[in-house]
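Novice: My structure is below; once you've seen it, I'll send some questions.
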Ligand SMILES: Nc1ncnc2c1ncn2[C@@H]1O[C@H](COP(=O)(O)OP(=O)(O)O)[C@@H](O)[C@H]1O
Ligand code: SF4
Ligand SMILES: [Mg+2]
């Protein structure tokens with residue numbers, strides 16, 4: 209973690225690089241019967257990320273992780289709430305400057321690279337847009353330097369993405385994100401599509417880059433095992449809501465929310481840090497559609513601890529121990 213840019217006299221919230229406040233992203237959708245409904249992909253999500261920190265974000269497929277990441281970068285316009293970067297709202301602002309400060313690495317290294325662009329032009333695209341070089345030779349130098357940083361052979365400069373494996377494509381995607389010297393990178397399941405043997409290499413590289421480039425990460429994954437190592441803190445999402453947020457260690461050792469307990473017990477226990485004596489809870493039931501969420505607590509249909517109150521009221525995210533937040537009536 210880096211802290212030199214932080215002033216110890218300022219309160220902690222003011223030192224956040226990114227603050228997300230009651231963020232909402234709703235999509236109007238039509239059902240098969242032509243009825244219009246509102247799909248609340250992200251609903252009232254609040255958190256912040258400090259400079260140099262990695263915040264992991266987990267939850268099953270469809271819980272709103274990608275929408276949250278895309279909305280933070282304003283690739284989607286928020287329906288409500290606020291997004292602050294270095295203490296200033298980015299809503300209503302021209303995004304050109306912020307596009308340099310915030311970048312995204314996409315989940316699918318096959319779909320996210322234009323097959324007609326060479327490696328060099330893929331990596332150089334954002335530098336072209338932001339006019340970040342004075343001459344062609346400077347552009348080339350910068351691209352070669354980025355390729356070196358992400359472990360791509362310089363001979364790949366004029367080749368096309370389809371010639372490469374998933375891991376190498378993801379390295380191209382990471383070089384592209386790095387090209388504009390961003391402060392924050394949203395890593396949206398950057399290793400989910402890769403072979404397990406390649407996953408660790410990419411994660412280790414992202415960690416090294418964080419140190420050298422002083423990066424802040426929002427690191428999205430659907431699996432707790434992947435985010436555990438890389439994250440300082442971890443947020444857990446369920447049906448568009450943030451249901452738990454705390455340090456990585458606390459989350460693994462003292463999960464509070466019943467959904468987090470389920471996710472943890474679903475990890476194959478080859479991980480020695482997760483006590484083998486813990487009772488395994490099976491992830492039961494399908495996730496309800498975010499078009500038709502249950503009343504009260506969004507998790508109540510699957511929750512072993514649900515009570516009458518859970519039907520009636522939505523639990524708020526509250527601090528249950530210092531720095532440990534959970535949204536549940538029965539904690
Ligand atoms: N452009 C869109 N229009 C309508 N629904 C969307 C759109 N994008 C995402 N969704 C819906 O929002 C929910 C969250 O999706 P997503 O953010 O991709 O989840 P995750 O990344 O956690 O798998 C899903 O129900 C998905 O179908
Ligand atoms: S509020 Fe109720 S249903 Fe929701 S997680 Fe807590 S106990 Fe379960
Ligand atoms: Mg996603």
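Residue numbers (my numbering): 209 to 539. Positions of the beta carbon are idealized from the N, C-alpha and C atoms, including for glycine. Predicted, not measured: the structure shown is a model, and the values here were computed from it.
#1: Please report the distance separating the alpha-carbon of residue 258 from that of residue 453.
#2: Three-state secondary structure (DSSP) at residue 473?
#3: Given a cut-off of 8 Å, decide if residue 396 and residue 312 are closer than it, judged by their beta-carbon atoms.
#4: Which of the three DSSP states, helix, strand or coil, is assigned to residue 294?
#5: Around the C-beta of residue 556, are 16 or more other C-beta atoms found within 10 angstroms, so that it is buried, or is it exposed?
#6: So does the stretch 324-333 actually touch the stretch 275-286, counting three or more Cβ pairs closer than 8 Å?
#7: Going by DSSP, which residues form a beta bridge with residue 229?
#8: Any heavy atom of ligand 3 closer than 7 Å to the Cβ of residue 396?
#9: Measuring only the C-alpha atoms, how far is residue 518 from residue 535?
#10: Can you check which of these residues, 321, 448 and 470, is closest to residue 370 by C-alpha distance?
#11: Would you kindly check if the distance between the Cβ of residue 319 and the Cβ of residue 387 is under 8 Å?
#12: Between which two residues does the alpha helix (DSSP H) containing residue 500 stretch?
#13: Return the bridge partner residues of residue 424 from the DSSP annotation.
#14: In terms of DSSP beta bridges, what is residue 532 paired with?
#15: Measure how close the beta-carbons of residue 265 and residue 426 come, nearest whole angstrom, since I'm counting them as under 8 Å.
#16: Are the CB atoms of residue 273 and residue 445 nearer to each other than 8 Å?
#17: Just to be sure I understand the criterion: a residue counts if its Cβ is closer than 6 Å to at least one heavy atom of ligand 1. Which residues meet that?
#18: May I ask whether a heavy atom of ligand 2 can be found less than 7 Å away from the beta carbon of residue 538?
#19: Hey, would you say the C-beta of residue 223 is under 7 Å away from at least one heavy atom of ligand 5?
Specialist: For this structure:
#1: 14 Å
#2: helix
#3: Against a cut-off of 8 Å, the Cβ pair of residue 396 and residue 312 comes out as a contact.
#4: coil
#5: Within the shown structure, residues of the chain are numbered from 209 to 539, placing residue 556 beyond reach of any answer.
#6: Output reads no: the stretch 275-286 does not touch the stretch 324-333.
#7: In DSSP, residue 229 forms a bridge with 290.
#8: Residue 396 Cβ: within cutoff of ligand 3.
#9: 11 Å
#10: 321
#11: Cβ distance not < 8 Å, so residue 387 and residue 319 don't count as in contact.
#12: No alpha helix (DSSP H) contains residue 500, which DSSP labels as neither H nor E.
#13: 392
#14: Answer by DSSP bridge pairing, in chain order: 529.
#15: 6 Å
#16: yes
#17: Result: 235, 237, 247, 249, 267, 269, 270, 271, 272, 273, 274, 275 and 498.
#18: yes
#19: Ligand 5 is absent from the structure shown, which contains only ligand 1, ligand 2 and ligand 3.
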